[in-house]
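Okay, structure first, notes after.
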Amino acid sequence: MRFIQPVLLALAVMLAASAPAAAQNVPTAPRIIYAVVFGVLFDEVGEVRQLRLVKVAEPRRGHADAEGVTIPEVYVASVRKLLATPRYRPKPGIVKPDEIFTYFFYDPDQPARADFDPRPQR
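The sequence shown finishes on residue 610 if you use this note's numbering, and the numbering steps up by one all the way, no holes.
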């Protein structure tokens, strides 16, 4: 009986010590990133006149529509702000009044960020 108690105690200590390591190895659900396609209409001076959401797709499934994904207004406002930066804004006088299409990535964990890009840097 005296021999069994220390063995059980040692076994319990080893199990307790290995529990946090085992918990770290639990696989998590893969993070889903969406591609959001917008139709953009610029005015003559390069300001965004109209911005409309065209499609939400899940790139990991090809061009499949992402069913049941709601894009928040804070994300659309972030896209509008990003389109006003020199990187996206067309030069005044060159713009024809025609709708162009562009996409941005949407991460549900970061709904206010339109500048998110999950692709590796080249």
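Here a beta-carbon is modelled for each residue, glycine too, at the ideal position from N, C-alpha and C.
Within a Cβ cutoff of 8 Å, which residues of the same chain sit near residue i, ignoring the five residues on either side of it in sequence?
| i | result |
| --- | --- |
| Arg537 | Leu529, Phe530, Asp531 |
What first and last residue would you give for the beta strand (DSSP E) that runs through residue i?
| i | result |
| --- | --- |
| Ala552 | It is not in any beta strand (DSSP E) - Ala552 carries neither H nor E in the DSSP assignment. |
| Phe592 | 588 to 594 |
Mind checking which residues open and close the alpha helix (DSSP H) that includes residue i?
| i | result |
| --- | --- |
| Tyr563 | 561 to 571 |
From the DSSP output, which residues share a beta bridge with residue i?
| i | result |
| --- | --- |
| Ala545 | Ala523, Asp553 |
| Phe530 | Val536 |
Can the beta-carbon of residue i be found less than 8 Å from the beta-carbon of residue j?
| i | j | result |
| --- | --- | --- |
| Asp603 | Leu570 | yes |
| Tyr522 | Val542 | no |
| Val557 | Leu539 | no |
| Ile520 | Glu561 | no |
Give every residue of the same chain whose Cβ lies closer than 7 Å to the Cβ of residue i, excluding the five residues on either side of it in the sequence, and list them in chain order.
| i | result |
| --- | --- |
| Asp605 | Phe593 |
| Tyr563 | Tyr594, Pro599, Ala600, Ala602 |
| Pro578 | Phe530, Gly534 |
| Val524 | Leu541, Val544, Ile559, Tyr591, Phe592, Tyr594 |
| Gly527 | Arg540, Val542, Glu587, Phe589 |
| Pro574 | none |
Leaving out the 5 sequence neighbours to the left and right, which residues in its chain are closer than 6 Å to residue i when beta-carbon positions are compared?
| i | result |
| --- | --- |
| Gly581 | none |
Any heavy atom of the ligand PLP inside 7 Å of the beta-carbon of residue i?
| i | result |
| --- | --- |
| Asp595 | The model depicted lacks the ligand PLP and carries no ligand whatsoever. |
Any chance the stretch 575 to 589 sits against the stretch 547 to 561, with 3 or more Cβ pairs inside 8 Å? no
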